[in-house]
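As structure tokens, the structure follows; a few thoughts come after it.
In UniProt numbering, the protein residues as written are 1 to 907.
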């Protein structure tokens, strides 16, 4: 029986106060934040129950029938908390500022590893004790005369005197300031005006649900939604006499002490930007803040501004790590399958095996599986006799709670029940060759937490608590006031026992062969801070315990965070390296598909600084399957489906998955191109969304028509809306891949690129600055591989494309050297005379191109002249050449015997 998706609930948070934060027990090591999806309700059958919370979400997934983006960046996770008393209206003050110099760009290794030394400059730990004596500081960002400006251009006017700026110098070489202020009285929640913002363009990442963020674009402060956790602002050239190119500002609301900050629009004039700070606990109050908000700047590179702002926050807070400092779990380089949309809560051991068998037989072998909700032992509270009357159908379903850390009866083999979940783990790895098995659980154990008083679980000291949702969340998601979580409460494990809870749960799973967990429902913690020192304190204690347990039990850092888009968690995330990037993939909700692609791309701009964004599972056999699949392929994150057994599109899957189950993963989080950062590809009726990412020697661009549907601030839900022209057009340039110059092997590269369009299988040469026109209808897309062209000699030009039948074809190229042979001079490291390939050179050869390629299939490259010959290993192979486009194609019929194929092209 499928569970019905219900809205999660929490109550309002009004006041913010400061009290000493509680610290974790000595035996609780530190941990990071993770989240999962919506809360669920259960049916008690000894199997997996139906959860009302997840049920509401599921209702959406199951409703109408299916319709006929190389610098290391990190992902954030965000949380909220509650409060009760009225908000203070006193103003808030900031401190002096500092200049930020963005580090040189260098690719991190494809797997996780420390940042290059040049990038470490942004991560120096330093004290952020800032003096608040001056309002004007040595920085391009200044607060003076009631204005906040960057390079002399006013961004905020009418800044209250109570708002003070403090220098960010102690945070490193950053161009920016911290803002804070003093209030008349201590409170648990304060809202203060930062001044009027007009004449700019901005992109905001805000929480439209308790659990998830989405994007919103605008031009004035009043357009900034409640619960905005990230604000990127473009100060237009010429505004207020500034002249010159546009400058970029990043507004990062931070965590200070027990308080968490966010931004919102307000004021009678409709252009006021406000700062909200709240603790989520009426007893946790404060009246003074030094660094509730960081404002950072960059002259012409918005991505540098973002990286610099997060680096400054890290140096100041010292409570989180960025993505490049974290170990990525092995699943990110392999294809996977999740049981959720295939079975929902009715997943069984037999169902898991059926799904693995089906995909493997079709030639797309998964190498990891996520056994989602439905494997745990859960139950509801005792039903009230009054709930059996005539109006019972109108009452909420009972919320399920965890009753034991072991699996339920569906995962207890009849021949050996004691083996439990170990049986299906063993089958997955031994019969189907999987490398990793993950299972799902909520950060509180289950949707309704841990049931108090259950035999065998007394040591967790679970206690019923009722969520108190922040007013900002309720503004965007009114349904949280009556959500099943809010009305029925949650069994919260005591913070001093939570490490024991996680450790015992994870140790049991690890002993069964499980390699990691997907930890869901994470934002609920912000609503439970009353009596625990507030939302920030409670969230930090749970994440420290979670981090410690993951490090102990899953050494490959096996964790995915889900339903975790609150900064409470993001700013304490030291361990978690993968985070779900947006609300769910809803296979049966036609309005959701374009919204999903836009949301994951824009959320990754912020989240990608903290963790690797996971763009979620999808269905391969679906009207929007190609649309979703291509986006996952260039996302830089994990690629996995939730197909029901036997319902697969293997033609699509083979564009993403190699025969050995690995994927061609891009190096970075996929993000919108610079020219798309402030346009609205879901609402404006004219813009296409372009997403960029990097490989070692190439770049990749995805172009998507996402128009026609968006979240409505009036109806508080996703809706269809009218669009203009049937097809929209845009131009694609090589420079749209923001770091494409880093892929060139020549420091004197002139900017020319070879561009391969996957939809039409066309190859074009784009001179520096030239644009290729693309036209797409709603729900259409195109993927383009962008490769810097190398000039070996006059008239001799070359650029690798990769495996042309794969979406991210260029990721297959793992080695590339060019050798010019006039006088036997090498254009790469070393002398060409030492190359074994010279022994069989043609007498008139001009140059050699040596490549290492992973995978199999059709390999393509651009060459301005027909190659003299192509070698695969020691054997000469046939190839085709199209003189009109310069496309060279040769067949790599099988996977390489070693790690890569070695290809030599003689020109």
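Each residue gets a CB set at the ideal place from its N, CA and C atoms; glycine is no exception.
Note that this is a predicted model, so its numbers are computed, not measured.
Please determine whether the Cβ atom of residue i lies at a distance below 7 Å from any heavy atom of the ligand COA.
{"i": "residue 284", "result": "You won't find the ligand COA in this model; it holds no ligand whatsoever."}
Looking at the secondary structure, which residues open and close the alpha helix (DSSP H) in which residue i lies?
{"i": "residue 634", "result": "625-634"}
{"i": "residue 815", "result": "Per DSSP, residue 815 belongs to no alpha helix (DSSP H); it is in the beta strand (DSSP E), 813-820."}
{"i": "residue 603", "result": "592-607"}
{"i": "residue 378", "result": "Unbroken run through residue 378 is the beta strand (DSSP E), 376-380; no alpha helix (DSSP H)."}
{"i": "residue 447", "result": "Residue 447 -> no alpha helix (DSSP H), and no H or E assigned at all."}
{"i": "residue 302", "result": "302-317"}
{"i": "residue 471", "result": "471-476"}
{"i": "residue 504", "result": "498-511"}
{"i": "residue 360", "result": "349-361"}
{"i": "residue 791", "result": "Run containing residue 791: none in the alpha helix (DSSP H); it sits in the beta strand (DSSP E), 790-793."}
What is the DSSP secondary structure of residue i, counted as helix, strand or coil?
{"i": "residue 253", "result": "strand"}
{"i": "residue 161", "result": "coil"}
{"i": "residue 902", "result": "strand"}
{"i": "residue 71", "result": "In this prediction, residue 71 has a pLDDT of 33, which is less than 50 and means its spatial position is unreliable; nothing more can be read from the coordinates."}
{"i": "residue 95", "result": "In this prediction, residue 95 scores a pLDDT of 31, lower than 50, which makes its location untrustworthy; the coordinate-derived value is nonetheless stated afterwards. Note: residue 95 maps to coil in three-state DSSP."}
{"i": "residue 658", "result": "coil"}
{"i": "residue 800", "result": "strand"}
{"i": "residue 893", "result": "coil"}
{"i": "residue 38", "result": "Any answer about residue 38 is weak, because its pLDDT of 39 lies below 50 and its placement is not dependable; what the coordinates show is given next. Residue 38 falls in the coil class under three-state DSSP."}
{"i": "residue 263", "result": "strand"}
{"i": "residue 690", "result": "strand"}
{"i": "residue 740", "result": "helix"}
{"i": "residue 614", "result": "strand"}
{"i": "residue 287", "result": "strand"}
{"i": "residue 214", "result": "strand"}
{"i": "residue 182", "result": "strand"}
{"i": "residue 646", "result": "coil"}
Residues bridged to residue i by DSSP?
{"i": "residue 720", "result": "709"}
{"i": "residue 440", "result": "518"}
{"i": "residue 762", "result": "757"}
{"i": "residue 337", "result": "369 and 641"}
{"i": "residue 769", "result": "DSSP, once it has assigned bridges, lists no residue as partnering residue 769."}
{"i": "residue 463", "result": "492"}
{"i": "residue 415", "result": "Per DSSP, none; premise fails for residue 415."}
{"i": "residue 671", "result": "692"}
{"i": "residue 887", "result": "862 and 882"}
Return yes when the Cβ of residue j is within less than 8 Å of the Cβ of residue i, no when it is not.
{"i": "residue 403", "j": "residue 451", "result": "yes"}
{"i": "residue 634", "j": "residue 700", "result": "yes"}
{"i": "residue 778", "j": "residue 708", "result": "yes"}
{"i": "residue 205", "j": "residue 610", "result": "no"}
{"i": "residue 856", "j": "residue 816", "result": "no"}
{"i": "residue 368", "j": "residue 434", "result": "yes"}
{"i": "residue 673", "j": "residue 736", "result": "yes"}
{"i": "residue 158", "j": "residue 145", "result": "no"}
{"i": "residue 342", "j": "residue 624", "result": "no"}
{"i": "residue 792", "j": "residue 907", "result": "yes"}
{"i": "residue 416", "j": "residue 296", "result": "no"}
{"i": "residue 329", "j": "residue 631", "result": "no"}
{"i": "residue 446", "j": "residue 376", "result": "yes"}
{"i": "residue 655", "j": "residue 676", "result": "no"}
{"i": "residue 784", "j": "residue 859", "result": "no"}
Alpha carbons only, please: which of the options is nearest the one belonging to residue i?
{"i": "residue 822", "options": "799, 803 and 847", "result": "847"}
{"i": "residue 277", "options": "296, 181, 196 and 216", "result": "181"}
{"i": "residue 179", "options": "644, 196 and 142", "result": "142"}
{"i": "residue 212", "options": "696, 565 and 688", "result": "565"}
{"i": "residue 884", "options": "480, 745, 871 and 866", "result": "866"}
{"i": "residue 208", "options": "751, 473 and 437", "result": "473"}
{"i": "residue 682", "options": "728, 694 and 715", "result": "728"}
{"i": "residue 652", "options": "571, 759, 221 and 555", "result": "759"}
{"i": "residue 753", "options": "332, 786, 302 and 414", "result": "786"}
From what residue to what residue does the beta strand (DSSP E) around residue i run?
{"i": "residue 235", "result": "228-235"}
{"i": "residue 732", "result": "727-732"}
{"i": "residue 549", "result": "Careful: residue 549 lies outside any beta strand (DSSP E), inside the alpha helix (DSSP H) at 535-553."}
{"i": "residue 780", "result": "Taken as a continuous stretch (DSSP letters only), residue 780 belongs to no beta strand (DSSP E), as it is neither H nor E."}
{"i": "residue 403", "result": "400-407"}
Is there a C-beta anywhere in chain D that falls below 8 Å from the one on residue i?
{"i": "residue 807", "result": "You won't find chain D in this structure, because it holds only one protein chain."}
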